[in-house]
Each structure stands twice: as C-alpha cells, then as structure tokens.
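Here the structure comes first, spelled out in structure tokens, and everything after it is commentary.
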Amino acid sequence: MRLTLHIWRQRSSRERGRFETYRLDEASPDMSFLEMLDVLNEQLTERGEDPVAFEHDCREGICGSCGLMINGKAHGPEKGTATCQLHMRKFRDGDAIRIEPWRAKAFPVLKDLVVDRTPFDKIIQAGGFISVNTGSAPEANLVPVPRNTAERAMDAAECIGCGACVAQCPNGAAQLFTAAKVSHLALLPQGQPERWQRVQKMVEEMESYFGSCTNFAECEAACPKEISIEFIARMNRDFLKSQFRGS
Amino acid sequence: MKLDPRVPTGPIQDKWDKHRFDLKLVNPANKRRFEIIVVGSGLAGGSAAASLGELGYHVKCFCYQDSARRAHSIAAQGGINAAKNYQNDGDSIWRLFYDTVKGGDFRSREANVYRLAQVSVNIIDQCVAQGVPFAREYGGLLDNRSFGGAQVSRTFYARGQTGQQLLLGTYQALSRQVAAGAVEMYPRTEMLDLVVIDGRARGIVTRDMVSGEIRSWVADAVVLATGGYSNVFFLSTNAKGCNATAIWRAHRRGALFANPCFTQIHPTCIPQHGDYQSKLTLMSESLRNDGRIWVPAKAGDTRAADQIPEAERDYYLERRYPAFGNLVPRDIASRAAKTVCDEGHGIGHGGRGVYLDFADAIERLGRDAIEAKYGNLFEMYERITGEDPYTVPMRIYPAPHYTMGGLWVDYNLMSTIDGLYVIGEANFSDHGANRLGASALMQGLADGYFVLPYTIGDYLSRHMGEEPISADHAGFKSVEDEVEGRIQRLLSIDGRRTVDSLHRELGHICLDLCGMSRTQAGLEKAIGDIAALRDEYWQNLKLVGTNEELNQSLEKAGRVADYFELAELMCRDAIDRQESCGTHFREEYQTPEGEALRNDEDYTHVSAWEYRGEGEEPVLHKEPLEFENVPPSQRSYK
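Protein chains in written order, with the working numbering: chain U, 26 to 272; chain Z, 2 to 639.
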C-alpha cells in the first residue's frame, strides 16, 4: 500500500506545531496502524530526522495509552476499536491520512501526538474508589450481587481511560469517562456507602478541567469500548439526588 | 556468599503465621518517618504502594507510563486463582499449593508457594470489596472457571479482562492514597539505576521522560515491582514499554539474578504475520476449555481447515495427554505445538501455527454461550486477523509471555541487597520452572497486599532513629554521573542502525536458540552471536534527538542495551542447567516419549547469579530446594 500521511509535529508543549507530509510506500494491509507508524519512524530515523512521538504500550486495546485523531475521528474509522487494534486493511492503497493528537484544552500536547491526560487521574483521585483498607474486606460471597447488576457494572468498568470521549466531544467534556467510573461503583452494593459523596466530588473535579456536556453523544460513537451514554444519564441522576441528600 | 532464604521453621501450614508473629513491628507514629520507594504500579507495585500508604508510611511510586492505570497487569485476560473451593469440587489451600509446586516442576520454594495459596483467599475478598465486577452466577455469588493445569474450577474472572479489572481496583486504592497525601505518584518517570550506600539500598536515580531531567530520590527501602523481561525476545505478549532495566541495574549493583533461563512461552497467541510485526497478541488460554487444538494429520497439507475431514486431523494434545487433553500446562502445550510444526504439520504464515477450533463447542453449547464466554476475545481475534473465529478455526502459536526467573529474594521478598525488595513477576520465587495460568495476578497481589507490608516493617524497625541521608550524598552523585554518561554514550554513537532493528535481531537469536527448546551447541552459539551483536550495537546504533526532550528512541536504547547483558546471562543459565524442567527444555535431556527429564540429584536448586563487572564471568550461587510436602515426581498429564 502507498500512503500519504499528514502528521501533526510539535517539538514540545512550548512550541507551535504544524502538519508535515510524508510518503510511505511500504504499508501492508495486515499491519496495525501503529506498525505502519513504526515503519515510518524507522525510515525517518535512518534519514536522521526526528521520529514521530506517539503513545502506545500494550498494543492490545486495553491499556488505553494509544489514541490518535485519524482523519478527524478519535481512534479512526472502525467502530469500537482503539488505534492499536486498527489495521491497515481498513484503508485503501493511495489514501491520504491525517493524523493528529487528541484535541482538548485539558490535554495539552507534550510532543507530536503525545498529550498529557493527568486530569483523568485527578478525577479518580477525587473519589473514584471504594474506601477499603487492605485486610478489612469481608468474605467475598457474603454479599450476593445479582448477575445482571454485576454485568452492567462491568459494562461501565470496561473504560480504558484513553480520552477518545474528550477528544471527540465538541465541548471537550469528560462526562463519559467520569460517568463510567461513577456508574461502575454506584451499581454495586459495595459502592453504596460513598455513593452520593463520590458523585459530587468526581463531578466537581471533572468540571474544573473539562467542558460541559450538551448531549452530542459523539463520545459514545468514539469510545473504543462502546460505553453507553446511558451511564451519563445515570451519573446526572445520582448527582441531582446527591444535592438533596447532602454529603 | 551464602544464600539464606530465611524460611521459618515448623510445619508448612504454620510457617507464615509464626513468621508474622516473629516479625518486628513499626509503631504507627514511627511509620510516618520512613520513606519507601516503589517502582512500578502494576498489581504488585500498585497494591504495595497503596497498602504501605494505608499503614502510614510515606511512599513514592514511580512508573514509566503516563498513568499508574496503564501498567501491563492490565492486559491479563483469563483470571486469578484462589483456593476458595466455592465449586465444592475438592479444592483447598493444600491443592492449590500442590498444583503450583507440581506445575513449577519442583523448582520453586515450597514455603513461598504455600503462603501464596494461603493468602489467595484474602485477595478475592479484597478485590470484591474494592468493587471488582467479577463474573457471577444467577444467585449473585461468584462464578469460577477451570484453567490450564488444574482439574478444579478455582479461577475468578471478569469477562476476558480480569487483569484490567484487578488493576483498576489497585489503581483506585492507590488513587485514594494519593488523594490522602500518603503516596506521591510519579508517572512518566523511569528508574535508571539503584543507589546502594554501605550495603543498603538507599534510593534510585530516575529520568523524567518529558524533560530528560536526571534526578536522585532517597528512601529507607526500595521496592522493585517492574515486571518481567519477555521483551528480551523483541516479539512477546508484553507491552512495548515493559523492560528489565530496573532489575538489571539492581543486579549490577549486587542483587543476585535467579533462574534467568526460566521463561514461559505461552501456547495460545495469534501467530506472526509479517516481518514488521511489533508484538504478539495473547488469546487467553481459557479458550482451551472449549476449543480443540489440531493440525492436519498429513505433513504439508495446505487445504483450508473446512476441507480437511475429521479423520485427517490430528488432535495431538488429546491424543498424547488423554487425562488433561487441551488443558495441559503451558510449557507442554507450547512444546507440543512447536513439535508438530517442526514436523511440517503447521498451518498459516511460514507453517508456524495450529488450529484452535470451536466448531464442536458451538454445536454443543450454541453460538450464544460461546459468545457470552469469549465474545471479546473473538472480536479481538477478528480485528487483528480479519478472520471470523465462529466460522473458521483460530490459528494460534506460542509466544514469549512471562518470565519465572527474576531477582532472587528470601522469604521476606528481600533481595541480596539489604533494603531492596522485589515483588511480582520481577522476583523469581513462586512459579519455579513454569507458571500455571491465572497465577501471575495472584502472586502480584499476594506480594503487594499481604506479604510485603508485613515483612518490610521488620527491616525498617531495625533502622529506627538513624541519621537521614540526602540526595547530595556522594553515593547519589556518582550514580547520577554514571547514568548521564551512559545516555551521552548512546546518543553519541551516531551509527546507521535503529534500536528496533538491532533489538529484533537479538530477539531472533534468543527465540531460536534459547526459546522453547535448547541445546548446548545452540546456546554456545547464541552467546557468541549476542556478544557480536552487542558490539555492533555500541558501534552502529543510530539515535536522533537529545536527552532533554521526550525521546522515545532514547528510552528504548537504554532498555535494549540492558537486554543484551540479560540475554547472555539467560543463555549461560540455560547451559549450566543440564536437565529439562518446566519451560526449560534441553533436547539432550528428555524421556523416550519426548517429555522433559529432570535431574533432581544435581539440579534441585535455585541458580542465583552474581554480577562481577563488565566482561567478567558471572558467579553462580545455589540455593538448595527441599520438598518435604510435595515429593518430586515426574509430571504426568497423560
């Protein structure tokens, strides 16, 4: 496959970026998207040019490190697929591909396609946990959890924290990420004691970094784990209820 | 040097209780005065950092990823073992202990394994309380499944993403301690060396992966939880960033490296499809519960799978191992796959693949049932290969996956450097020569939640009230200088070959000559080849850019430089161990049926290697192993 790549290059967060165009003639349909970039980077290095920095680690779609805007879509054209699991057979010979970092004010670019997603960690630190010290847990089967409830919690818990939801949102909102964690914990009996306080703290922290949700639902379409925006409704409901219950 | 494993006396079932009583405690007010560094934020490191923070210690936790939540534990698919016996099928702590010792082919330390089995039950309690959404039965109680190498169902799971859910539980516990100020988290920070002063681990030197800043950190104890070294093979199931630099640097500073040749090649991975391939993807071995493994009975048969009639298929695991069939342990399944491919029965790219077929299971249980169990794995397979495993059998082949070897630790998980603890995959202690499925998550969390928090206090209590040292100490400065010198040396080579091309070549050598089967002559050749390639590395490496920026090639270059040294030690260890055991298969030592032939008389020991300087031969120390509770027998899964 022969490709034309328009890639965002930016030396650091302090410098301005620009698109650079590269020709790549050695792509194969069986390559993953990141392997295609590996091949480009090998060529750039051999020519003495700075290789393109991009985030990646497990390359199995679970660590959430990778994330590129590919032709304007977070993680590219294939639904429910992280960038590392996208394969070149989804493109055609001769295609031009535009590759950018996540675009969101809360995620500043560190270099090229690498952004800083620290605000996600801050949201979890604000309350995205169940307070249980090591050793103080009761017997695991003491509290039955209906199978459907556990499955629903798992649907939310599958979030890989990649940030595609934020990148795709016209408002740069992090509702889907936050709602996934709020819902995962609020659905389970173990999450009840801190339920109302948790949603308040997490939403408050979220709003200090991110834009507001106006129900575009772009996040759901971009999410590589296809997490439902129903969880946003659930979070909003819990947030509202929490106002009456106090903290 | 005499290796003292510090195993407590008494009957095996009482050792840990007795030991916990004998360990000295640090009172709560004094815990605040101690600084502990934890390197790595996976199941072992994350759980240790969180638990130590809860206890009141002051903890600094470092990881190379941009967030603690991305450590590679997250990619574990199948599950976590625990001796809960919820299925009433005859499981017990003793049976989990027995299975793990036997599965490790009698090359692990009994006392450590027994403790692992004991605390396994607490791990499940802890994770459920944290909100880990394990799979459940309709009555709301926890579900289990069986897993390779076991005849009971003791594996807890969360779809095909058990590692993810356990890691997020750990990450959440860790985040709670970060919010409480008990743990300071340093992501995008890579440990490049260990600082040892007066024989004690006193801190680390790191590189800020965004700014390039080299910095020293002082502590009263250092915990390494940095995972294994499968990436020495270049292609493995590990994340691209997984590396051995932390343990290798500690090894060079005096920590003995145990059983480096015990590396596990996982039987069920998606086969390689091209030379540009960057990693191999694991398909959970839980698939072996319902999938049947076969190859064409006739060598060189190139017909499509559906064109090969039943009578012309060889279900070689079922044939050779009727008792365990497709559920034989990993080492046996991998080697059997290699054997049939070597004999010309392999399928797909380069004849390096076997079928994993779900047709029978779909007929028996229905497509919906299979989808409910393995849906996400099937999807992943289809995304990567473009083939639909519901209609076409999966193609699989073994790939490097886990390393049982690692830094030597005693019963307290302390290395041969005072105050340096090593937990999780980074140490060698629990899996012997072969790890059973669903045991890595168990060990990581056992070490981090339930072992280290007790044992580290005993060490710290002996250093109460000592004068603190600062990062200005000459011991830190000299290590910083060495780290900076090494980086400059890598940047100034200005040769012609990229890091990846050299790493790929190293991987080929290791996999061909020190992979699933090994010979004396092959290993000797490997040592020569590695040395030659290492020379080329230091003369012909090409790096672009500087230290003072985000430079991913530079990050890789430092790690690969360490792999060269580790690869050589791995081969040396494989030469020295003149027997076959577990994953270590020496062709010279096999039974007439082609099974591993142990030599208990000469090799019932841990091989722990001491670093003696560049260009010097390492020195072997032996920790004899005693099997008082599980008498060694030839493993039989027939």
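Cβ coordinates follow ideal geometry from the N, Cα and C atoms, glycine included.
Roughly how far, in whole angstroms, is the beta-carbon of residue i from the beta-carbon of residue j, given that I think they are within contact range, below 8 Å?
| i | j | result |
| --- | --- | --- |
| S74 of chain Z | L175 of chain Z | The pair is not a contact, with the Cβ atoms about 12 Å apart (cut-off 8 Å). |
| A338 of chain Z | Y398 of chain Z | 6 Å |
| T269 of chain Z | L257 of chain Z | No, T269 of chain Z and L257 of chain Z are not in contact; Cβ-Cβ is about 33 Å, not under 8 Å. |
| G583 of chain Z | A434 of chain Z | 3 Å |
| A192 of chain U | G92 of chain U | 7 Å |
Helix, strand or coil for residue i per DSSP?
| i | result |
| --- | --- |
| A268 of chain Z | The sequence shown places Pro at residue 268 of chain Z, not Ala. Strand at P268 of chain Z. |
| H81 of chain U | coil |
| N428 of chain Z | strand |
| C243 of chain Z | coil |
| S57 of chain U | strand |
| N377 of chain Z | helix |
| M186 of chain Z | strand |
| V480 of chain Z | helix |
| D419 of chain Z | strand |
| H252 of chain Z | helix |
| Q119 of chain Z | helix |
| V60 of chain Z | strand |
| Y590 of chain Z | coil |
| D358 of chain Z | strand |
| E327 of chain Z | Inspection of the sequence shows that residue 327 of chain Z is occupied by Asn rather than by Glu. N327 of chain Z falls in the helix class under three-state DSSP. |
| V157 of chain U | coil |
Taking the beta carbon of residue i as the centre, do at least 16 other beta carbons fall within 10 Å, making it buried, or is it exposed?
| i | result |
| --- | --- |
| G354 of chain Z | buried |
| G614 of chain Z | exposed |
| K104 of chain U | exposed |
| Y139 of chain Z | exposed |
| R142 of chain U | buried |
| Q635 of chain Z | exposed |
| E36 of chain Z | buried |
| K16 of chain Z | buried |
| P475 of chain Z | Correcting the residue type first, residue 475 of chain Z is Ala in the shown sequence and not Pro. By the 10 Å Cβ count, A475 of chain Z comes out exposed. |
| F235 of chain U | buried |
| D5 of chain Z | exposed |
With residue i as the anchor, note down where its beta strand (DSSP E) starts and where it stops.
| i | result |
| --- | --- |
| V620 of chain Z | V620 to P625 |
| E214 of chain Z | It is not in any beta strand (DSSP E) - E214 of chain Z carries neither H nor E in the DSSP assignment. |
| S608 of chain Z | H606 to E611 |
| R110 of chain Z | Element bounds for R110 of chain Z: n/a, residue is neither H nor E. |
| K23 of chain U | With chain U running from 26 to 272 in the structure shown, residue 23 of chain U is simply not present. |
| P9 of chain Z | Premise fails: P9 of chain Z is in no beta strand (DSSP E) and is neither H nor E. |
| F44 of chain U | R43 to L49 |
| W221 of chain U | Careful: W221 of chain U lies outside any beta strand (DSSP E), inside the alpha helix (DSSP H) at R220 to Y234. |
| A121 of chain U | A121 to E125 |
Taking C-alpha atoms, which residue in the options lies nearest to residue i?
| i | options | result |
| --- | --- | --- |
| I418 of chain Z | Z:G351, Z:A597 and Z:L195 | Z:L195 |
| I266 of chain Z | Z:Y277, Z:D276, Z:R253 and Z:T282 | Z:T282 |
| L507 of chain Z | Z:Y375, Z:N28 and Z:F234 | Z:F234 |
| G1 of chain Z | Z:N145, Z:R33, Z:R108 and Z:G182 | One cannot answer for residue 1 of chain Z here, as it falls past the ends of chain Z, which runs 2 to 639. |
| D221 of chain Z | Z:V561, Z:I215, Z:S471 and Z:T101 | Z:S471 |
| A568 of chain Z | Z:D332, Z:R70 and Z:P261 | Z:P261 |
| I81 of chain Z | Z:F148, Z:V423, Z:D577 and Z:Y99 | Z:F148 |
| V423 of chain Z | Z:V452, Z:R189, Z:D473 and Z:V206 | Z:V452 |
| L28 of chain U | U:R48, U:E229 and U:D180 | U:R48 |
| H432 of chain Z | Z:W95, Z:F35, Z:Y115 and Z:V223 | Z:Y115 |
| K136 of chain U | U:E80, U:T174 and U:E243 | U:E80 |
| P619 of chain Z | Z:F565, Z:L570, Z:T207 and Z:L555 | Z:L570 |
| L512 of chain Z | Z:R498, Z:T499 and Z:A527 | Z:A527 |
| M94 of chain U | U:E255, U:S237 and U:G188 | U:G188 |
| L193 of chain Z | Z:W218, Z:Q173 and Z:V179 | Z:W218 |
| A298 of chain Z | Z:D530, Z:V341, Z:M186 and Z:R384 | Z:V341 |
Between residue i and the ligand NAP, is there a pair consisting of the residue's CB and a ligand heavy atom that are separated by less than 7 Å?
| i | result |
| --- | --- |
| A192 of chain U | With respect to the ligand NAP, the structure shown offers nothing to examine, as it has no ligands at all. |
Just curious, the alpha helix (DSSP H) that residue i is in, first and last residue?
| i | result |
| --- | --- |
| F565 of chain Z | Q553 to D577 |
| I528 of chain Z | Q521 to N541 |
| R208 of chain Z | R208 of chain Z -> not in any alpha helix (DSSP H); beta strand (DSSP E) instead, spanning R201 to D209. |
| P144 of chain U | T143 to Q150 |
| M26 of chain U | Neither: M26 of chain U is in no alpha helix (DSSP H) and is coded neither H nor E. |
| C187 of chain U | Segment: none, C187 of chain U is in no alpha helix (DSSP H) and carries neither H nor E. |
| A258 of chain U | E255 to R270 |
| P454 of chain Z | L453 to S462 |
In chain B, which residues lie with their C-beta within 7 Å of the C-beta of residue i?
| i | result |
| --- | --- |
| D75 of chain U | Structure shown: chain B not included; protein chains present are U and Z. |
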